[in-house]
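Q: The structure that follows is given in the form of structure tokens.
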Ligand code: NAD
Ligand code: MG
């Protein structure tokens, strides 16, 4: 029986994870669940999965929550510290990092330091602190299994030796991108895009922040940096290709000319089931593709001029870890402002570029350095957003 904690249980990743878990009651026991402000959603999941602990990270939403948990015989924790507690708990084997944004960093690091198997969707944590996270896993003997579909695909196309994916013989990787809802559009056509339009992804159903990131192609940029840390590849060995059908989830190019790909329906339950069951294959609830029904697959280069965020992410990766923190912090602030209608769609890339270029890439090694750089860049971004509106 694998004991699983799901952080960000009420989100898109959290719910897909619990959907797979519920199909295998003999294999998984849910030990802890977390949500930020969605108390009703968390209560419903607590009722269904009966975890030992439930964490509500937003104290403003917690009225009556602790009393309710007491009645259910469930330990309640309120506030963000509870995430680190459940991530490092001795009674848990697998930690699903399904929180969005920098808010997931501390608990991802806590799970890595405690030697857990970290099923990671929270790419912002890797972009901010990839070196620290990988070092913590190496020290503790923990392991990372990627949930992000592209990185999970790469992982599946690599041999696994001595507890890690083995990159011997690998030339490079191809990360596929759907191109998002505005693929093929020109810059001038994007000025009046609304949050509703940006969140209507043609292939994937996801949370609002990652949906906007997919529309700007920042999501692919964050994934390039994520791949650099997860697989130890320099930027020149990571290529992005637009593949609108989202059938091939990514590919590994080997020295001998072989290209290995992982294919599947665009449904996160596939990578999630792969990681939950690893190394065993378990049912995900998704039907395999029928090649005879698939039709043609298409590939095209990304348009880096219209979708500048992807170019900015490569620039940040080549500039050093401080620049990746700046990129992520500015993007989180800009996307939140866009979703609040305080910033236009094209303003997102402008804010990110300004912050990236004014913050530089100072040396960041410790968690304190990372958090200080993140706070500094968020302040720069907010200032820039206020001036724009
Ligand atoms: P979502 O918005 O649907 O869910 C986010 C979850 O995090 C919710 O449970 C929410 O309560 C919690 N949360 C939000 N703010 C928080 C805070 N300040 N403190 C603690 N918890 C907080 O997001 P999602 O689409 O599930 O994405 C989660 C992560 O997974 C993101 O990093 C995203 O990039 C990554 N990811 C998502 C998908 C997908 O298909 N949704 C695919 C690949 C990677
Ligand atoms: Mg992805």
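In this note's numbering, the protein residues as written are 374 to 762. Just so it is clear, CB atoms sit at the ideal spot from N, CA and C, and this is done for glycine as well.
Examine the ligand MG and report whether any of its heavy atoms sits within less than 6 Å of the Cβ of residue 678.
A: Taking the chain shown and counting its residues from 1, one reaches residue 678 at position 305. No; taking the cut-off as 6 Å, the Cβ of residue 678 has no heavy atom of the ligand MG nearer than that.
Q: Since residue 703 and residue 737 should fall inside the 8 Å C-beta cutoff, what is the C-beta to C-beta distance between them, to a whole number of angstroms?
A: What you label residue 703 is simply residue 330 of the chain shown in a count that begins at 1. What you label residue 737 is simply residue 364 of the chain shown in a count that begins at 1. Going by Cβ atoms, the distance from residue 703 to residue 737 rounds to 15 Å, so no, they are not a contact pair.
Q: On the CB-based measure, 16 or more other CB atoms within 10 Å of its CB, does residue 603 come out buried or exposed?
A: Position 230 of the chain shown holds residue 603. Residue 603 comes out buried.
Q: Going by alpha carbons, who is nearest to residue 621 out of 546, 480, 564?
A: For this step, residue 621 is matched to residue 248 along the chain shown. Answer by Cα proximity: 546.
Q: Kindly indicate which three-state DSSP category residue 448 falls into: helix, strand or coil?
A: In the chain shown, counting from the first residue as 1, residue 448 sits at position 75. DSSP places residue 448 in strand when its eight states are reduced to three.
Q: Measure the C-alpha to C-alpha separation of residue 509 and residue 551 and round it to an integer number of angstroms.
A: Indexing the chain shown from 1 puts residue 509 at position 136. Indexing the chain shown from 1 puts residue 551 at position 178. Approximately 33 Å, taken between the alpha carbons.
Q: Looking only at its own chain, which residues have a Cβ that is under 6 Å from the Cβ of residue 528, when we skip the five neighbours before and after it?
A: To locate residue 528, count along the chain shown from 1; it is residue 155. These residues qualify, in order along the chain: 519, 538.
Q: Counting along the chain, where does the beta strand (DSSP E) carrying residue 623 start and finish?
A: Here residue 623 refers to the residue found at position 250 of the chain shown. Residue 623 -> beta strand (DSSP E) spans 621-627.
Q: One question on the structure: do residue 772 and residue 735 come within less than 7 Å of each other, judged by their Cβ atoms?
A: This structure cannot speak to residue 772, because the chain is shown only from 374 to 762.
Q: May I ask whether a heavy atom of the ligand MG can be found less than 6 Å away from the beta carbon of residue 523?
A: Along the chain shown, read from residue 1 onward, the residue named residue 523 stands at position 150. Yes, the Cβ of residue 523 comes within 6 Å of a heavy atom of the ligand MG.
Q: DSSP three-state call for residue 380: helix, strand or coil?
A: Position 7 of the chain shown, counting from 1, holds the residue named residue 380. The answer is strand: DSSP assigns residue 380 an E or B state.
Q: Which whole runs of the alpha helix (DSSP H) in the segment 448-523 are 4 residues long or more, in chain order?
A: Taking only runs of at least 4 residues, the alpha helix (DSSP H) segments lying wholly in the segment 448-523 are 454-461, 478-486, 496-513.
Q: Look at the Cβ atom of residue 505, then the Cβ atom of residue 523, and state whether they are nearer than 7 Å.
A: In the chain shown, residue 505 corresponds to position 132, counting from 1. In the chain shown, residue 523 corresponds to position 150, counting from 1. It is not a contact, given that the beta carbons lie outside the stated cut-off.
Q: Any idea if residue 651 is buried or exposed, counting beta-carbon neighbours within 10 angstroms, 16 or more meaning buried?
A: Locating residue 651 in the chain shown gives position 278, where the first residue counts as 1. Burial call: buried.
Q: Excluding the 5 residues preceding and the 5 following residue 458 in the sequence, name in chain order all residues of the same chain whose CB lies nearer than 7 Å to its CB.
A: Sequence index remark: in the chain shown, residue 458 carries index 85 (1-based). Result list for residue 458: 450, in chain order.
Q: Between residue 526 and residue 623, which are expected to be in contact by the criterion C-beta below 8 Å, what is the C-beta distance as a whole number of angstroms?
A: For the purposes of this step, residue 526 is taken as residue 153 along the chain shown, with counting starting at 1. For the purposes of this step, residue 623 is taken as residue 250 along the chain shown, with counting starting at 1. The Cβ separation is near 4 Å, so the contact holds.
Q: Does the Cβ-Cβ distance between residue 754 and residue 732 come in under 7 Å?
A: Along the chain shown, one-based indexing puts residue 754 at 381. Along the chain shown, one-based indexing puts residue 732 at 359. Contact: no.
Q: Taking a contact to mean a Cβ-Cβ separation below 7 Å, would you say residue 679 touches residue 560 in this structure?
A: In the chain shown, counting from the first residue as 1, residue 679 sits at position 306. In the chain shown, counting from the first residue as 1, residue 560 sits at position 187. Cβ atoms of residue 679 and residue 560: closer than 7 Å.
Q: Mind checking residue 718: buried by the 16 CB within 10 Å criterion, or exposed?
A: Position 345 of the chain shown, counted from the first residue, corresponds to residue 718. Per the 10 Å Cβ criterion, buried.
Q: Is the Cβ-Cβ distance between residue 530 and residue 635 less than 7 Å?
A: The count along the chain shown starts at 1 and reaches residue 530 at position 157. The count along the chain shown starts at 1 and reaches residue 635 at position 262. Taking 7 Å as the Cβ cut-off, residue 530 and residue 635 qualify as a contacting pair.
Q: Please go through the same chain and pick out, in chain order, the residues whose beta-carbon is closer than 6 Å to the beta-carbon of residue 579, but skip the five residues on each side of it.
A: Counting from one through the chain shown, the residue named residue 579 turns up at place 206. Closer than 6 Å at Cβ, skipping near neighbours: 385.
Q: Sorry if obvious, but does the Cβ on residue 409 come closer than 6 Å to a heavy atom of the ligand NAD?
A: As a working note, residue 409 is residue 36 in the chain shown. For the ligand NAD, at least one heavy atom lies less than 6 Å from the Cβ of residue 409.
Q: Taking the beta strand (DSSP E) that residue 407 falls in, what are its first and last residues?
A: One-based indexing of the chain shown puts residue 407 at position 34. From DSSP, the beta strand (DSSP E) with residue 407 extends over 401-408.
Q: Are the segment 386-403 and the segment 468-475 touching, with three or more C-beta to C-beta distances below 8 Å?
A: The segment 386-403 vs the segment 468-475: in contact.
Q: Measuring alpha carbon to alpha carbon, tell me which residue in 399, 402, 403, 428 is nearest residue 413.
A: On the chain shown, position 40 is the one that residue 413 refers to. Looking at the Cα atoms, 428 is the closest of the given residues.
Q: Am I right that residue 628 and residue 544 are in contact with their C-beta atoms under 8 Å? What's the rounded C-beta distance?
A: Indexing the chain shown from 1 puts residue 628 at position 255. Indexing the chain shown from 1 puts residue 544 at position 171. Between residue 544 and residue 628 the Cβ distance is about 5 Å, and since that is below 8 Å, they are a contact.
Q: Any contact between the segment 650-670 and the segment 705-713? By contact I mean 3 or more CB pairs, one from each, below 8 Å.
A: As far as the Cβ criterion goes, the segment 650-670 does not touch the segment 705-713, which means the pair count is below three.
Q: Use the C-beta contact count for residue 567: other C-beta atoms within 10 angstroms, 16 or more gives buried, fewer gives exposed.
A: Along the chain shown, one-based indexing puts residue 567 at 194. So residue 567 counts as exposed.
Q: What are the start and end residues of each continuous alpha helix (DSSP H) run of 4 or more residues lying completely inside the segment 717-751, in chain order?
A: The segment 717-751 contains these whole alpha helix (DSSP H) runs: 718-732.
Q: Between the Cα of residue 433 and the Cα atoms of 641, 486, 410, which residue gives the shortest distance?
A: Here residue 433 is taken as the residue at index 60 of the chain shown, counted from 1. Ranking 641, 486, 410 by Cα distance to residue 433 puts 410 first.
Q: Check whether the segment 580-590 touches the segment 636-655, counting contact only when three or more Cβ pairs, one atom from each stretch, lie closer than 8 Å.
A: No, the segment 580-590 is not in contact with the segment 636-655.
Q: Candidates 610, 564, 593: which alpha carbon is nearest residue 626's?
A: Along the chain shown, read from residue 1 onward, the residue named residue 626 stands at position 253. Checked all of 610, 564, 593; the closest Cα to residue 626 is 610.
Q: Is there at least one Cβ from chain C nearer than 7 Å to residue 760's Cβ?
A: The chain labelled as chain C is not found in the depicted structure, where only one protein chain is given.
Q: So, using beta-carbon positions, are residue 480 and residue 460 closer together than 7 Å?
A: As a working note, residue 480 is residue 107 in the chain shown. As a working note, residue 460 is residue 87 in the chain shown. Yes, these two residues count as a Cβ contact at 7 Å.
Q: In terms of DSSP beta bridges, what is residue 538 paired with?
A: The residue you call residue 538 lines up with position 165 of the chain shown. Beta-bridge pairing links residue 538 to 533.
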